[in-house]
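Residues in the sequence shown are numbered consecutively from 1124, following our numbering.
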Amino acid sequence: MRRASHRAPEPTAFKQWASLSGRSLGSMARSGGLVVAIIAPAVYTVGFYLPLRLVMQFQGLNYAQFLMPIICLQAMAFTAISAAQRAAIEGQSGMTTRLQTMPVTPWVPLLSRATANLVHASLSLAAALVYGSLIGFRFQAGFDDAAIFVLFALLVGAALTTGGDAIGSLSRSPEATSQALTLPQLILGMLSSGFVPETGFPEWIRPFVRNQPISLFSKAMRDMADGGVNATSLWPAIAWAVGLIVVLVPLAVWASTRRA
């Protein structure tokens, strides 16, 4: 009688992605990363709205409407820092090297981290919108523009987290990675029209403030929320976001798959 042979099923790329994505999300839940994703936008909202709202009201601005885009962008930037730390921790712990020696599809670890980053970004963005509604922010241009607002914020988040993952994979030092990303985020945020109008800056720096990506992102998102977005504000912002993704995705793939 012929004995039946039993072969262990070979894991598919989808199963590998699902397993590693679940691992990343579980790690975020256990470490409190998901809780921080909800709390961080509250800190940004309170920290920027309360000190500046009276000053902006004297200038005739509804500061809740004006501020909300940069709060969402700050939430995406914080997600990018968290993404960089996760990638660095995996490199530091040896997990990245271990996966490279196993029969794992090369792009799966990066895609699984991207999935966890998308969950983090979505949760943080939803929390930011809830806090914004509490201070008076409203979508005034209809459901379609509200959906574009959310999708565009996640597009920017995808660009930033891809860059963060690449930097974390290359540095493999969570502390140094966090410091390296915090300073550019702070400088670009402060020197943008996200917190104050362009007219609040000295004339010599206004061209930089007006044309840098954070200002373009903020203006486009403000138009989406207020009166309907137009091509003049939308396309430069999309060009920046897509351009960042085109540049950073190959860098992230190389950083994730290179062998130490």
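All C-beta atoms, glycine included, are put in the ideal place defined by N, C-alpha and C.
Computed from a predicted model, the values in this text were never measured in an experiment.
* Is Gly-1155 helix, strand or coil by DSSP? -> Residue mapping note: residue 1155 aligns to position 32 of the sequence shown, counting from 1. Reduced to three states, the DSSP call for Gly-1155 is coil.
* Trp-1363 burial status per 10 Å Cβ neighbour count (16 or more: buried) -> As a working note, residue 1363 is residue 240 in the sequence shown. The residue in question, Trp-1363, is buried, as its Cβ has 16 or more Cβ neighbours within 10 Å.
* Distance between beta carbons of Gln-1197 and Tyr-1167, contact taken as under 8 Å -> Mapped onto the sequence shown, residue 1167 falls at position 44. Mapped onto the sequence shown, residue 1197 falls at position 74. Contact holds; Cβ gap of about 5 Å.
* Asked: Rounded to a whole number of angstroms, what is the C-alpha to C-alpha distance between Ala-1270 and Thr-1224?
  -> Taking the first residue of the sequence shown as 1, we reach residue 1270 at position 147. Taking the first residue of the sequence shown as 1, we reach residue 1224 at position 101. About 42 Å.
* Asked: What is the DSSP secondary structure of Asn-1240, reduced to helix, strand or coil?
  -> Numbered from 1 along the sequence shown, position 117 holds the residue referred to as residue 1240. The answer is helix: DSSP assigns Asn-1240 an H, G or I state.
* Ordered along the chain, which non-local residues of its own chain (more than five positions away) have a Cβ less than 7 Å from that of Leu-1246? -> Here residue 1246 refers to the residue found at position 123 of the sequence shown. Same-chain partners within the cutoff: Leu-1157, Ala-1160, Ile-1161.
* If we call anything under 7 Å between Cβ atoms a contact, is Gly-1280 one with Met-1199? -> One-based indexing of the sequence shown puts residue 1280 at position 157. One-based indexing of the sequence shown puts residue 1199 at position 76. Taking 7 Å as the Cβ cut-off, Gly-1280 and Met-1199 qualify as a contacting pair.
* For the segment 1278-1312, list the beta strand (DSSP E) runs that are entirely contained and at least 3 residues long, ordered along the chain. => none
* Contact under 7 Å by Cβ, Gly-1155 with Ala-1206 -> For the purposes of this step, residue 1155 is taken as residue 32 along the sequence shown, with counting starting at 1. For the purposes of this step, residue 1206 is taken as residue 83 along the sequence shown, with counting starting at 1. No, the Cβ-Cβ distance between Gly-1155 and Ala-1206 is not below 7 Å.
* Beta-carbon separation of Trp-1140 and Leu-1234 under 7 Å? -> On the sequence shown, residue 1140 is found 17 positions in, with the first residue counted as 1. On the sequence shown, residue 1234 is found 111 positions in, with the first residue counted as 1. Against a cut-off of 7 Å, the Cβ pair of Leu-1234 and Trp-1140 comes out as a contact.
* So what's Ile-1204 in DSSP terms, helix, strand or just coil? -> Along the sequence shown, read from residue 1 onward, the residue named residue 1204 stands at position 81. If DSSP states are grouped into helix, strand and coil, Ile-1204 belongs with the helices.
* Asked: Val-1178: buried (16+ other C-beta within 10 angstroms of its C-beta) or exposed?
  -> In the sequence shown, residue 1178 corresponds to position 55, counting from 1. Exposed, because fewer than 16 other Cβ atoms sit within 10 Å of the Cβ of Val-1178.
* Please report the residue range of the alpha helix (DSSP H) in which Met-1344 lies. => Within the sequence shown, numbered from 1, the residue matching residue 1344 stands at position 221. It spans 1336-1349 - the alpha helix (DSSP H) in which Met-1344 sits, taken as one unbroken run.
* Report the rounded CA-to-CA distance for Gly-1214 versus Arg-1153, giving the unit in angstroms. => As a position in the sequence shown, residue 1214 is number 91, starting the count at 1. As a position in the sequence shown, residue 1153 is number 30, starting the count at 1. In a straight line, the C-alpha of Gly-1214 is about 19 Å away from that of Arg-1153.
* Neighbour-count burial assignment, Ser-1216, 16 or more Cβ in a 10 Å radius -> In the sequence shown, residue 1216 corresponds to position 93, counting from 1. Burial call: exposed.
* **Contact set for Ser-1301: own chain, Cβ-Cβ below 8 Å, skip 5 residues either direction** => Position 178 of the sequence shown holds residue 1301. If we look at Ser-1301 and ignore the five residues flanking it on each side, its Cβ neighbours are Ile-1204, Ala-1207, Gln-1208.
* Asked: For the candidate residues Leu-1184, Pro-1174, Pro-1164, Ala-1289, whose alpha-carbon lies nearest to that of Asp-1349?
  -> Within the sequence shown, residue 1349 is the residue found at index 226, counting from 1. Of the listed residues, the one whose Cα sits closest to Asp-1349 is Leu-1184.
* Can you tell which of Gly-1351, Ala-1264, Thr-1285 has the C-alpha that lies nearest to the C-alpha of Ile-1368? -> Residue 1368 sits at position 245 when you count from the first residue of the sequence shown. With distances taken between Cα atoms, Ile-1368 lies closest to Thr-1285.
* To do: Use the C-beta contact count for Asn-1353: other C-beta atoms within 10 angstroms, 16 or more gives buried, fewer gives exposed.
  => Position 230 of the sequence shown, counting from 1, holds the residue named residue 1353. By the neighbour-count rule (16 or more Cβ atoms within 10 Å), Asn-1353 is not buried but exposed.
* Of all the options Gly-1317, Ala-1282, Ala-1237, which has the alpha carbon lying nearest to the alpha carbon of Leu-1143? -> Working through the sequence shown from its first residue, we reach residue 1143 at position 20. Taking only the C-alpha atoms, the option nearest Leu-1143 is Ala-1237.
* Cβ atoms of Ser-1147 and Ala-1211: under 7 Å apart, would you say? -> Position 88 of the sequence shown, counted from the first residue, corresponds to residue 1211. Position 24 of the sequence shown, counted from the first residue, corresponds to residue 1147. No, Cβ-Cβ distance for Ala-1211 and Ser-1147 is not below 7 Å.
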